[in-house]
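A.B. asks: Each number in my numbering corresponds to the 1-based position in the sequence shown with 247 added.
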Amino acid sequence: MAETSMHIALAGNPNCGKTTLFNLITGQNGYVGNWPGVTVEKKEARLSSDKGVVVTDLPGIYSLSPYSPEERVSRDYLMGDEPDAVIQVLDATNLERNLYLALQVIETGLPVVVALNMADLVEKNGDRIDVPALERALGCPVVLISALKNTGVDDLLETAKRSAARKAAPKRHAFDAAVDGVLERIEHQLPARVPAAKRRYYAVKLFERDAGAAASLALDAAAAERIEQLVAACEADCDDDAESIITGERYAVIAHIVDECLHRAPARMSTSEKIDRIVTNRWLGLPIFALIMFGVYYLSISTFGTAMTDWVNDNLFGEGWELFGAAMPSVPALFEGWLSAAGASDMVISLVCDGIVAGVGAVLGFIPQMFVLFVLLSFLEDCGYMARVAFVMDRVFRRFGLSGKSFIPMLVSTGCGVPGVLATKTIENEKDRRMTVMTTTFIPCGAKLPVIALVMGALIGDAESTWIAPLFYFLGVVAVIVSGIMLKKTKLFAGRPTPFVMELPAYHMPSARSWALHVWERVSAYIKKAFTIIFASTIVVWFLSNFGVYEGAFGFLPAMEGIPEEFTNYSVLAAVAGAVSWIFAPLGFDSWQATAMSVTGLVAKENVMATAASLLHLAEATETDPSLWSAFAALFPSVGAIAAFGAFNLLCAPCFAAMGTIRAQMGSAKWTAIALGYECGFAWVVGLLINQFYLAAQGVFSLWTVVAVVLATGMLFQLFRPMPKGAWDDEAVSAPAARPQAAR
Ligand code: GDP
Ligand code: MG
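#1: With M253 as the anchor, note down where its alpha helix (DSSP H) starts and where it stops.
#2: Measure from the alpha carbon of Y324 to the alpha carbon of each residue in A860, L963, H254, then state which is nearest.
#3: Measuring straight from C-alpha to C-alpha, what distance separates V788 and R635?
#4: Any heavy atom of the ligand GDP within a distance shorter than 8 Å of the CB on N896?
#5: Taking buried to mean at least 16 other C-beta atoms within 10 Å of its own C-beta, is A860 buried or exposed?
#6: Within the region 784 to 856, note down every full beta strand (DSSP E) run reaching 3 residues or more, in order along the chain.
#7: How many Å lie between D371 and G631 at the Cα?
#8: DSSP puts D338 in a beta bridge; with which residues?
#9: When DSSP builds the beta bridges, which residues end up paired with R642?
#10: Which residue from L739, S315, I272 puts its Cα closest to that of A407?
#11: By the three-class DSSP mapping on this structure, what secondary structure does L897 have?
#12: Out of curiosity, what's the CA-to-CA distance linking P679 and L268?
#13: Can you tell me whether A332 is helix, strand or coil according to DSSP?
#14: I'd like the ranges of any alpha helix (DSSP H) spanning at least 4 consecutive residues and lying wholly in the region 747 to 772.
#15: Apart from the five residues on each side of it in sequence, which residues of its chain come closer than 6 Å, Cβ to Cβ, to W951?
#16: Under a Cβ-count criterion, where at least 16 other Cβ atoms within 10 Å of its own Cβ denotes burial, should T871 be classed as buried or exposed?
#17: According to the Cβ coordinates, are A362 and V390 closer than 9 Å?
#18: Among G399, G495, L658, M856, which residue has its Cα nearest to the Cα of A694?
#19: Between L862 and I655, what straight-line distance do the alpha-carbon atoms span, to the nearest angstrom?
#20: Given V819, which residues of its chain have a CB within under 7 Å of its CB, disregarding the five upstream and five downstream residues?
#21: According to DSSP, simplified to helix, strand and coil, what is K290?
#22: How many Å lie between T869 and Y545 at the Cα?
#23: What number of angstroms, rounded off, separates the C-alpha of V607 from the C-alpha of G848?
#24: Starting from V957 and walking both ways along the alpha helix (DSSP H), at which residues does that stretch end?
#25: Given a cut-off of 9 Å, decide if A904 and G664 are closer than it, judged by their beta-carbon atoms.
#26: Starting from the Cα of P358, find the closest Cα among D401, S310, Y941, K414 and give me that residue.
#27: Does the ligand GDP have a heavy atom nearer than 8 Å to the CB of K672?
#28: Please classify D523: is it buried, with 16 or more other beta-carbons within 10 angstroms of its beta-carbon, or exposed?
#29: Where L305 and M326 are concerned, what is the direct C-alpha to C-alpha distance, given to the nearest angstrom?
#30: When DSSP builds the beta bridges, which residues end up paired with T303?
#31: Would you check if there are 3 or more beta carbon pairs closer than 8 Å linking the region 940 to 947 to the region 883 to 895?
#32: With a cut-off of 8 Å on the beta carbons, I'd call L898 and A920 a contact; round off their distance for me.
#33: Give me the Cα-Cα distance between A234 and V352, rounded to the nearest whole angstrom.
#34: I'd like the list of long-range same chain contacts for D837, defined as Cβ closer than 6 Å, with 5 residues on each side in sequence excluded.
#35: In this structure, how does DSSP classify R635 when only helix, strand and coil are distinguished?
#36: Is any heavy atom of the ligand GDP found at a distance shorter than 8 Å from the C-beta of D367?
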């Protein structure tokens, strides 16, 4: 390990390009996302060009206030760990908004170098920034760079190292004379041990009545009281609250700087703005999003992907296949051949071929679909489109009391629910955060693709089922919205939506490297899971379904004397799953096999498919049609029951990993139970409605029809009744007093 001589921190607004810069100068492969807050943690790595320098990528923030976890992480690092220098990254195309944080970072008294990033875009827009004037105005070095195009970055690093070596504190910015006077008097009240460079920062924080800063200073009571008097007097004079006074002063300084240093090209609409006029249009935004997602799922599941997966299932794992006219054996046949040649017992052959190869193979067969899905989704994320969708959804979500911020975890969940649930960290309002944790895994993740495909194949047969797959995706979105509307009207979740602020990056072609990285990250996680969790699960399922009691004796069932061909009916799995399958009887699928699939699906969603493949493979001998789809469909009494099975498995509690994340995120056993209970209950009700209304349409009625009608009426009532009185007023919005406005 090289000796560390210097620490440099990267600070900046979300989406200003910190991570791009960090990856460039450290050679790391961190995730470059287009939305804020997905990584709340800071990241550290050594500079590639100088191993003695450690660089820290801080989470993107708008202000050094202590309102969100990202803000706290960044602030604690800057004030507590004292980096030798800070590179304050600014999106130069968004100077006003980015200077708000820059002024505060400069105030900390740490050596700051401003990196004016996105120089390429500034140039393309025809704007000009007067760098020397900006250096004078900010009182610290300013370097124009493009992290994407790698220009100006070496100069930036040299400047930062020089500033760190000289401990060059930037100058302070003058506020209105009256406010400055008060700040100066507050500085006099600070303990003597606060160094000169930091006194201004603490004075401003105390003026803002920032409890965290006050606590870290351990002021004596007399000083604290004196300061409160000064602040209160100033508030009375200015007829405004302290926090707003400071915000106003900062914007005044910024307006002056921008006026002096930024020479804008005559206004003309950028390409991004033109695209946004259509894509984020009040009326078109949502239909366009629906259409795009339809296209994504259509391409990945219904057409191209299915063709690939079918080929894999039918040939590699089914009948065998041809290579340039030569007959090749299927994978199970291959293994069977090897094992028999090696003299393995029937039991081992069955475990390997019917258990592991069938189960893991069925899951691996979905890699082509997964690949296409992630290529498309990653493109939509990286080019900047998905960030717009959060805005479009903000309009919808706001109606029922959630903000677009809750949509970001859902977008992340299209890949995997674990980071999706983690992404809720940034939602400040506790009720909204809990509700988002509860509902975000309704969105189908990659692992649910096999479930969708299995159900789809069983419902429609093969390729013509073009619209079913996107339909299951929309079922997830509708489940989120319906749950949101219903839950917001209960006491547990009532409250006004938090304001939604987010930077919109200009549309751009993602770099091939980060795109490929993004896809690989997701696909490799899926492959890894197939060889670990799914592998282990298939072994357990194989044992449970091959061992059992027949005529009073326990043992390996296929080897038992006189056992019927459907030997799995005597297995431990059949007994255990059969004991609880009554739960699903009203949903139409009370076969022990379907129950076993649903239960193993709680370990990992791919298990629904793996268990199906393993169980049906065993029963294959009795099937005339070798296709997995029809063998699976034969387990259900009707099409309605198959759809109910699909809906239940997509909406019920997620896999173990996601459940663990929900537990960690909720931080309470009670709330975890509420979340998982709600998910399972909601899934069960949706399954019930689907099956019972299907049966009713066929003229089949029972007591459960009545239950379904009552439940449906109750849901409709909760959906359409007006917001209960007072539900939106009983909670102070915990958002900062003033924040830069949303881009639109
Ligand atoms: P962070 O949120 O500050 O970490 O920002 P990211 O590094 O994730 O970058 C946000 C977006 O801006 C990404 O889509 C980057 O590709 C893009 N970006 C970063 N730096 C530049 C740059 O210098 N020029 C252009 N045109 N785009 C950039
Ligand atoms: Mg980042």
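Note that CB positions come from ideal geometry on N, CA and C, so glycine has one too.
C.D. replies: The answer reads as follows:
#1: Premise fails: M253 lies in the beta strand (DSSP E), 253 to 259, not in any alpha helix (DSSP H).
#2: Closest by alpha carbon: H254.
#3: Rounded to whole angstroms, V788 to R635 spans 44 Å at the Cα level.
#4: Judged by the Cβ position, N896 fails to qualify as a neighbour of the ligand GDP at the 8 Å threshold, every heavy atom of the ligand being at least this far.
#5: Buried, since its Cβ has 16 or more Cβ neighbours within 10 Å.
#6: Segments of the beta strand (DSSP E) lying fully in the region 784 to 856: 794 to 797, 800 to 803.
#7: The question names Asp, but residue 371 in the sequence shown is Lys. Taking the straight line from one Cα to the other gives about 18 Å.
#8: Its beta-bridge partners are N364.
#9: DSSP lists no partner for R642.
#10: Answer by Cα proximity: I272.
#11: Taken through DSSP and simplified to helix, strand or coil, L897 comes out as helix.
#12: The question names Pro, yet the displayed sequence has Asp at residue 679. So the alpha carbons of these two residues sit roughly 33 Å apart.
#13: If DSSP states are grouped into helix, strand and coil, A332 belongs with the strands.
#14: Fully enclosed alpha helix (DSSP H) runs of 4 or longer: not present.
#15: Only residues of its own chain outside the window of five on either side were considered, and among them P833, Q939 have a CB closer than 6 Å to the CB of W951, listed in chain order.
#16: Residue confidence for T871 is low, a pLDDT of 43 falling below 50, so the modelled location carries little weight; the figure read from the coordinates is stated next. So T871 ends up on the exposed side.
#17: Yes; because the gap between Cβ atoms is below 9 Å, this pair is in contact.
#18: Of the candidates G399, G495, L658, M856, the one whose C-alpha sits nearest the C-alpha of A694 is M856.
#19: Between the alpha carbons of L862 and I655 lies a gap of roughly 38 Å.
#20: Hits under 7 Å: L791, F794, G795.
#21: K290: strand per DSSP, three-state reduction.
#22: Interpretation of T869 is limited by its pLDDT of 38, a score under 50 that renders its predicted location unreliable; the figure taken from the coordinates is listed afterwards. Between T869 and Y545, the C-alpha separation is close to 34 Å.
#23: V607 and G848 have their C-alpha atoms spaced approximately 14 Å apart.
#24: It spans 950 to 967 - the alpha helix (DSSP H) in which V957 sits, taken as one unbroken run.
#25: Yes; because the gap between Cβ atoms is below 9 Å, this pair is in contact.
#26: For the residues D401, S310, Y941, K414, the minimum Cα distance to P358 belongs to K414.
#27: Incorrect: K672 has no Cβ contact closer than 8 Å to the ligand GDP.
#28: D523 is buried by the Cβ-count criterion.
#29: The straight-line gap from Cα to Cα measures roughly 13 Å.
#30: In DSSP, T303 forms a bridge with A256, E291.
#31: Contact between the region 940 to 947 and the region 883 to 895 is present: 3 or more CB-CB pairs across the two stretches fall below 8 Å.
#32: Actually they do not touch by this definition, with Cβ atoms about 17 Å apart.
#33: Nothing about residue 234 can be reported from this structure: the residues present for the chain run from 248 to 991 only.
#34: When the five nearest sequence neighbours on each side are left out, the beta carbons in the same chain lying within less than 6 Å of the beta carbon of D837 are those of S828, F831, in order along the chain.
#35: Under the three-state reduction of DSSP, R635 is assigned to helix.
#36: Yes; taking the cut-off as 8 Å, the Cβ of D367 has a heavy atom of the ligand GDP nearer than that.
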